[in-house]
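Protein chains in written order, with my numbering: chain A, 1 to 237; chain B, 1001 to 1301. Glycine included, C-beta positions come from ideal geometry on N, C-alpha and C. This one's a predicted model, so the numbers in the text were calculated from it and none came from an experiment.
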Amino acid sequence: MSAVLDIKKLEVAYGGIKAIKGIDFHVNDGELVTLIGANGAGKSSTLRALSGLITPVGGKVTYKGQDITGVPSHALVGLGIALCPEGRGVFARLNVHENLLMGAFARKDKAQILAEVDEIYTMIPRLKERTKQMAGTLSGGEQQMLAIGRAMLAQPKLLMLDEPSMGLAPMMVEKIFEIIRLIAKRGTTILLIEQNAQLALEHANRGYVLESGEITLQGDAKVLLADPRVKAAYLGG
Amino acid sequence: MSIDVLLQQIVNGLVVGSVYALVALGYTMVYGILQLINFAHGEIVMIGALSALFVTNALIAVGVPPALALVVAILAAMIICAIVGVSIERIAYRPLRNAPRLAPLITAIGVSIFLQQVAILVFGRNYFTFPEIISKAPIQIGAITVTMNEIVILITSVALMTGLLWLVNNTKIGTAMRATAENQKVAGLMGIDINKIIAITFAIGSGLGAVAGVMVASNYGQAHYYMGFMLGLKAFTAAVMGGIGNLWGAMVGGLILGLVENVGLIFVRGDYKDIFAFVVLVAVLIFRPQGLIGEKVAERA
Ligand SMILES: Nc1ncnc2c1ncn2[C@@H]1O[C@H](COP(=O)(O)OP(=O)(O)O)[C@@H](O)[C@H]1O
Ligand SMILES: [Mg+2]
């Protein structure tokens, strides 16, 4: 199996304080890999470093054999990497349709883009009912769906999701994971970051546990689910 | 006061106000995207006026028909101002993008003084006469008097503002501008090169400012290196009045300011005209700091 994303000794610091202390992990082609950890463990910091939002202070990020360490985020989109950021990050004052189109900003194939927007509407009918509505007026769950749909319009080979379940009601979380499952089934490689370890591990192929900026456990998702240490720390029992 | 005088002042106010609106758009677009008050924008307007004046005269001197000379000069001024505006952002503001907000503000004032000095070096300190190319002979319409020059100013302003609104609301680049104004980080994640969008914003704002400069110069028949100061201050007032960051606000604010000034002239001597802008500014800041149309900035990430 070939690694789509390969991270070696990644280090992230904020003003001299290390938030990520040299972690290694990889995501293989077609896999759904999850990075779980408590609040403040460094999950978002890792994703920010991978997506060019911050420059890592150490380590190397390789995507499909190419060194992308420190490449600015707008340049990563063209390579096939999309990030659905923490807190969804929809453009509140753009309508739903415009938000989706912004996901396809780097593309030029207009007809194909519109066809894919329709596909998203089919996959997420709630968005179709609200095409002309400002994204800021949507519910949290709807905004998360929009953020995922928008990321998909970049035609990513690698989709990275930062806590898509955050702050959502259980029913909505179910729906979001259903969409993630669908995207994975269609062959998109996914790196999923979650605090909801149970759901994340149930859906993933493999998982990594991040604790205070270090990876403490890793392996097959089903094995991690059954691991007593994971159970004790993240699964409430 | 007769109704005729009032009507006349309303027409005058609309003409001047539409120019304020064009300049105010430059302030508001830059503010919307960078939360920066580009105090050098008034000087951009001045550079637009002076460069158009010199290009027009040079072209007429070599035998180009005046109307054509004016059109070419306006286009040249727009390009010159766009280049100056984009350069200011690149050289003076971009390095300060993450600095405390006072730093770019003081820099903007510095840039404004710098551009005035450059204008003195390039053009000189004189009051230059702007040639009368579009007739300023009075045209009587009922009880009010207008000139062809004023009519052209009004029509051009409306056309430019309509074009800008269309661009911002209906094109891909306009949507990217709005997205960038709202959240630069996420815009970057979409593949939008925000530095490019910011440069485009400065270019458009400066280009509109150039046209406004030509309008003012042709309307008053003169241009000089200091003309951007008061004009810039008034347009800034208009932008704040409408709600800075909001395009409609800048346009409405410009028109209202033009109207207040000119209708106010019925009651106050001409030399006190400039007072209105600042009375309005103070009143807005006290009673409605978010502006007439401005929304409370709540949903910012
Ligand atoms: N912008 C920042 N400046 C300073 N410290 C930060 C910043 N962002 C995160 N941190 C710190 O880095 C650590 C990891 O945070 P984060 O990556 O957001 O964790 P997670 O996403 O797992 O909740 C925390 O201790 C947090 O306080
Ligand atoms: Mg986080």
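Just to check, is the beta-carbon of S165 of chain A closer than 8 Å to a non-hydrogen atom of ligand 2?
no
Between B:I1141, B:A1058, B:P1065 and B:V1211, which lies nearest to M1078 of chain B when the distance is taken from Cα to Cα?
B:V1211
Closest Cα partner of V1071 of chain B within the set B:A1061, B:I1204 and B:V1055
B:V1055
Assuming contact is defined by CB atoms lying nearer than 9 Å, are T188 of chain A and L159 of chain A in contact in what I supplied?
yes
Complete runs of the alpha helix (DSSP H) confined to the segment 94-119 of chain A [at least 4 residues]:
96-103
Heavy atom of ligand 1 less than 8 Å from the Cβ of E86 of chain A, yes or no?
yes
Determine whether the Cβ of E1089 of chain B lies closer than 9 Å to any Cβ atom of chain A.
no
Could one say the Cβ of N1038 of chain B lies closer than 9 Å to chain A's Cβ atoms, at least one of them?
no
In whole angstroms, what is the alpha-carbon distance linking K18 of chain A and G1291 of chain B?
44 Å
Ordered along the chain, which non-local residues of its own chain (more than five positions away) have a Cβ less than 8 Å from that of I1173 of chain B?
L1167, I1197 and I1200
Counterpart residues of N1038 of chain B in DSSP-defined beta bridges
Paired residues: none, contrary to the question.
Whose C-alpha, out of A:H97, A:A106 and A:L210, is nearest the C-alpha of L76 of chain A?
A:A106
Just the Cα atoms here: how many angstroms apart are V1297 of chain B and N205 of chain A?
At V1297 of chain B the pLDDT is 45, less than 50, meaning the model places this residue with poor confidence; the figure from the coordinates comes in the next sentence. Rounded to whole angstroms, V1297 of chain B to N205 of chain A spans 43 Å at the Cα level.
Please tell me whether, using a cut-off of 8 Å, the distance from the CB of N196 of chain A to the nearest non-hydrogen atom of ligand 1 is below it.
no
In terms of alpha-carbon separation, which member of B:T1145, B:V1240 and B:S1087 lies closest to V1284 of chain B?
B:V1240
Return yes when at least one heavy atom of ligand 2 lies under 8 Å from the C-beta of K185 of chain A, else no.
no
Can you determine whether any heavy atom of ligand 2 sits closer than 8 Å to the C-beta of K1185 of chain B, and answer yes or no?
no
Per-residue burial, M1148 of chain B [other beta carbons within 10 Å of its own, 16 or more giving buried]
exposed
Against chain B, does A82 of chain A count as a neighbour if the rule is that its beta carbon must be under 9 Å from one of theirs?
yes
Mapping the DSSP letters down to three states, classify G219 of chain A as helix, strand or coil.
strand
Considering only heavy atoms of ligand 1 and the C-beta of each residue, which residues fall inside 6 Å, strictly closer?
A:Y14, A:A19, A:G37, A:N39, A:G40, A:A41, A:G42, A:K43, A:S44 and A:S45
Along chain A, which residues have their Cβ under 8 Å away from the Cβ of L1059 of chain B?
Residues of chain A passing the Cβ test: none, with the nearest at roughly 40 Å.
Per-residue DSSP class, three states only, for E1299 of chain B
For E1299 of chain B, the predicted structure reports a pLDDT of 36, less than 50, and the residue's modelled location is therefore unreliable. The matter cannot be settled from this model.
Is it right to say G78 of chain A is buried, meaning 16 or more other beta carbons lie within 10 angstroms of its own, or is it exposed?
exposed
May I ask which residues mark the beginning and end of the beta strand (DSSP E) holding N28 of chain A?
I17 to N28
Could you say which of B:I1091, B:G1032 and B:E1150 lies nearest to G1221 of chain B if we only look at CA atoms?
B:E1150
I'd like to know if R1178 of chain B contacts chain A, where contact means its C-beta is closer than 9 Å to some C-beta of that chain.
yes
Say yes only if the C-beta of D162 of chain A is nearer than 8 Å to one or more non-hydrogen atoms of ligand 2, and no if none qualify.
yes
What are the boundary residues of the beta strand (DSSP E) that R206 of chain A is part of?
R206 to E211
To the nearest angstrom, how far is it from the Cα of A1143 of chain B to the Cα of G1017 of chain B?
21 Å
L1164 of chain B burial status per 10 Å Cβ neighbour count (16 or more: buried):
buried
Compute the distance between the beta-carbons of A1021 of chain B and G1254 of chain B, then report whether it is under 9 Å.
yes
Is T1237 of chain B near V1280 of chain B, with beta carbons less than 9 Å apart?
yes
Same chain only: Cβ atoms within 8 Å of A38 of chain A, ignoring 5 sequence neighbours per side:
Q195, E211, A233 and Y234
Secondary structure of M1046 of chain B, DSSP reduced to three states:
helix
Answer with yes or no whether the minimum CB distance from A92 of chain A to chain B is below 9 Å.
yes
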